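Chains as they are written, first to last, in my numbering: chain A, 1 to 392; chain B, 1001 to 1392.
The beta carbon of each residue, even a glycine, is placed where N, CA and C say it ideally should be.
Keep in mind it's a predicted model, so treat the numbers as computed, not measured.
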C-alpha cells in the first residue's frame, strides 16, 4: 500500500475543483470555500455528538440521508452558525441553494459546513457574495485556497494528496481548539476518484474515523460543528470494496488528525498515549483519554517534567477498580513506575526524552488484550493566550 | 442557625490540641501537622474514589472501620505517599504508631493523611523527627500552624472556627490543584465538641460532602489522596442527632470548599455554575461539571469575555440529547441565550459583569425539577506556570 505524495490537495483526485475566497465574515484571511465535483459522488459523513448540533451539521446530515450522494461542499470559517435557531437553518439552506445554483447541482447534493463563533447569525449578504465569488474561481488548482478558507485559530492549513496507484485521494482539515471528537471531529473533507458504493463508503469512513479522529484530543471540548465528509467521484474508473477503501481512509484520517494535533492551540509538544492490556476497548479508550486530557499531565509535558505521578493520578481516576500490581508506566520507553511502586530509572535519560518534540507514554494495565493509541498535545501559556484573546 | 466566628481553627471546640512543624519533607515551610483529642472521638471520613488510593488513605479507612472512633490525625505535606507499594503502607503505619505513642493513644485511633508528590518514598527519619517535634508542641493555640503544615501549592491556609451556641466547630483544609473531588476531596479536617454517635456522624458527613466538596472542581483531576475527616469530642456536653449535625457540617464543608476554590491554582475569578430544571440530579451534576471543567469556558472568564457559545458547547457535549427549546443561559443575571437563539443583551452591562471577581452562570434546561450549584475558578497563565514549574 504505497502512497506517493502528489500536489493538489482535495483536487488531486479526478473530477474535483475547488476555490477559497474572502468575503469578510472574519477579519483578514479567506473565509469561504467550495469543493465541487463534476458529477454526483458517492459520499459519507460522520458528525458531532454534541446535543446542540449546529444548523449546517443538521442540514448536511439531512442531505446525506437522502440517497448517499453529494456533489459539492460549501464551508465558511469565522462563524459556526450554531445556536442560531430557525434563522440558522434557513441560512445554511440558503448557502446550499446558492452554491447549487452556481455549479448546476441540486441543493440536496450540497453539504454545508461552518466553523467559528457560536451564537452569532451569519452575515448573509457577505456570505452570498463570497459563494458567488468562490464559485466563479473553481478550478483544479484551488485546493490550497479552499484549505486556507476553513481555518480559524489554525496556524497552518492541513492537506493531503496521494497517488494510490490507479486512483488518488485528497483531503483537507481544520481544527486547533475545541477538539475532542466523539464519533466525529472538527472539519475534514476527503476526496477520491475511486468508485465506492455509498453504504460501503459510510461503513469504511466510520471505522476509519473511530480509529483516528475519535482518538485525538486537544482540550477535551467536543464542538457543535464537527464533521468529516468523504466524496468518491469514481472518475478514475477504479472500483473499490468497503474493506479496501477503509484502509486508505484510515491512513488519510490518521494523517489529517496528526496535523490537527500538531497544530493544537499553543502546542509545543506532541504526546502519544498508548494503553496496553486493558480489560476491553472501552476501558483502554477511557484510560488513555483520561491521561491525554489531564491538565496536570499536559502542563508537566510542557515543562519537560517527567512527572509520572500525574499519569498515575489520571489513570486511577479513570478506572472503577484497579490493582496497581501488574500496572506499569513507561516514558519514551523508560520504565518509571510498576506494580504500585516507582521504578529505578536513569534520570538523565528521562529528562532528555522529555525535552524532545514528541513524548510517548506507554501504560500497561496488565489485565486484558485491548489496546489503544491516543494523540494529544501539551498545555502551554499559548493555549491560555489564544483562548483568552480569541472570541470563538 | 447563627454561627459566631471565633479564633482557634480546629482547636476552637473543646478537647482538641494541635501543632505544625517543619521537618524538611518539602523545601521551606511547615510540613508535619498533628491534631490530637484529649479522649477518643466519634469520627467519620470520606475518601477519594481514585483507584490508586494512597497508602495513608487506605490505612485511615481501615482504622475508621474498626469502631468509628479516632483520637488523632497526623498529616504531612510535600509527599503524597501514593504509588509507593508495601513500603508506603509500612511508612503510613509507622506514622500512626509514632503519633499514637507520643499522645498516649492506640495506633488504631490515629488517622494519617499525606499530600504532595506522587511516587516518592517518605523520608522517614525526617518524618519521625517531625512527629516527635510536633507532638511536643501540641496546644490549644496550635490550629494555625497545623493548617499551614498541610499546604502545598496553596497560597494561604484555610480555617474556620464557629461558636454555634453551646458547642463549637473548627476546621482546616488544603487544596489548590488536582481538585475534582468525587465522593471525597483534598484534605479537610473538621472538629466539634458536640456529641454525635459515629454512624450518624458518618451519614451526616457524606451528605454534607456530597453537597459541597463534591461540587467543586479546579482542574478536573481527582487526587489519589483526598480525605475529609470529622472528629466529635463531645466535650461541650451538647448532644446532636445526625440531621442536626448535618446542617452544621454542610456549612463548614461549604465554607472550606469555597476557600479551596478561591485559592485555586492561578485563579483570578470565582465562577458559580448553576443548572436549573434538569431531568434529574445526575443530569444536573453532569451538565454543571462539564461547563465548570471546560478549558474554553475557564479561559474566556479569565479574559473577561462573555463568550457564552462555549457554555453552549460544553452543555451540549455533556447531554445525551437535548432540545434547545426551553434551554437558557444567563450570565450575572443577564439572559444571553434562549430557545436555541442568542438573546438581546446589553453588551455594556455584560462586560461589566464579566469584569468582577465572581461570575455567575445560570443554565436552565427546562425539563425537570433538579438543580445543582458547582464552584470553580478561571484558567489563567498562573495555572500553567504553577503546574509547569511545580513537581507535584
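Buried versus exposed, by CB contacts within 10 Å (16 or more), residue i
| i | result |
| --- | --- |
| residue 1153 of chain B | buried |
| residue 76 of chain A | buried |
| residue 1155 of chain B | exposed |
| residue 1140 of chain B | exposed |
| residue 1136 of chain B | exposed |
| residue 235 of chain A | buried |
| residue 17 of chain A | buried |
| residue 1352 of chain B | exposed |
| residue 1005 of chain B | exposed |
| residue 1184 of chain B | Because residue 1184 of chain B carries a pLDDT of 46, less than 50, the predicted location of this residue cannot be relied on, and the following value inherits that uncertainty. Buried: at least 16 other Cβ atoms inside 10 Å. |
| residue 27 of chain A | exposed |
| residue 1229 of chain B | buried |
| residue 196 of chain A | buried |
| residue 1321 of chain B | exposed |
| residue 1214 of chain B | buried |
| residue 1355 of chain B | exposed |
| residue 387 of chain A | buried |
| residue 199 of chain A | exposed |
| residue 1313 of chain B | buried |
| residue 246 of chain A | buried |
| residue 1159 of chain B | buried |
| residue 1282 of chain B | exposed |
| residue 1091 of chain B | buried |
| residue 1280 of chain B | exposed |
| residue 1417 of chain B | No answer is possible for residue 1417 of chain B: it lies beyond the span of chain B, which begins at 1001 and ends at 1392. |
| residue 1117 of chain B | buried |
| residue 1038 of chain B | exposed |
| residue 1098 of chain B | buried |
Beta-ladder partner(s) of residue i, from DSSP
| i | result |
| --- | --- |
| residue 1163 of chain B | B:1004, B:1168 |
| residue 1330 of chain B | B:1335, B:1362 |
| residue 16 of chain A | A:37 |
| residue 127 of chain A | Note: residue 127 of chain A sits in no beta bridge, so no partner. |
| residue 377 of chain A | A:270 |
| residue 198 of chain A | Residue 198 of chain A pairs with nothing; no bridge assigned. |
| residue 78 of chain A | A:116 |
| residue 341 of chain A | A:338 |
| residue 239 of chain A | A:195 |
| residue 139 of chain A | A:18 |
| residue 1059 of chain B | Looking at the DSSP assignment, residue 1059 of chain B forms no beta bridge with any residue, so it has no partner. |
| residue 45 of chain A | A:229 |
| residue 1370 of chain B | B:1278 |
| residue 187 of chain A | A:174, A:227 |
| residue 1072 of chain B | B:1036, B:1110 |
| residue 216 of chain A | A:375 |
| residue 1158 of chain B | B:1173 |
Whole-angstrom C-beta distance between residue j and residue i, which should lie under 8 angstroms
| i | j | result |
| --- | --- | --- |
| residue 1373 of chain B | residue 1274 of chain B | 5 angstroms |
| residue 1361 of chain B | residue 1271 of chain B | 7 angstroms |
| residue 19 of chain A | residue 134 of chain A | 4 angstroms |
| residue 114 of chain A | residue 80 of chain A | 5 angstroms |
| residue 95 of chain A | residue 127 of chain A | 6 angstroms |
| residue 15 of chain A | residue 193 of chain A | 6 angstroms |
| residue 350 of chain A | residue 363 of chain A | Actually they do not touch by this definition, with Cβ atoms about 16 angstroms apart. |
| residue 1368 of chain B | residue 1290 of chain B | Contact doesn't hold; Cβ gap of about 17 angstroms is too wide. |
- Item | Completely contained beta strand (DSSP E) runs for the stretch 254-301 of chain A, where each covers 3 or more residues | 270-278
- Item | Inside the stretch 1088-1124 of chain B only - beta strand (DSSP E) runs reaching at least 3 residues | 1110-1117
- Does the stretch 132-146 of chain A touch the stretch 1-10 of chain A, meaning 3 or more C-beta pairs lie closer than 8 angstroms? yes
- Message: I'd like to know if the stretch 333-344 of chain A and the stretch 305-313 of chain A are in contact, where contact means that at least 3 CB-CB pairs between them fall below 8 angstroms.
- Response: yes
- Message: With three or more C-beta pairs closer than 8 angstroms as the rule, is the stretch 283-290 of chain A touching the stretch 240-256 of chain A?
- Response: no
- Inter-stretch contact at 8 angstroms, needing at least 3 Cβ pairs: the stretch 44-55 of chain A / the stretch 24-34 of chain A: no
- Item | At least three beta-carbon pairs within less than 8 angstroms, the stretch 1213-1221 of chain B to the stretch 1058-1067 of chain B | no
- On the three-pair Cβ rule with 8 angstroms, is the stretch 1379-1387 of chain B touching the stretch 1257-1271 of chain B? yes
- the stretch 1066-1085 of chain B in contact with the stretch 1253-1264 of chain B per 3-pair CB rule at 8 angstroms: no
- With 7 angstroms as the limit, tell me which residues of the stretch 1356-1368 of chain B have their beta carbon closer than that to any beta carbon of chain D; keep them in chain order. The structure shown has no chain D; the protein chains it does contain are A and B.
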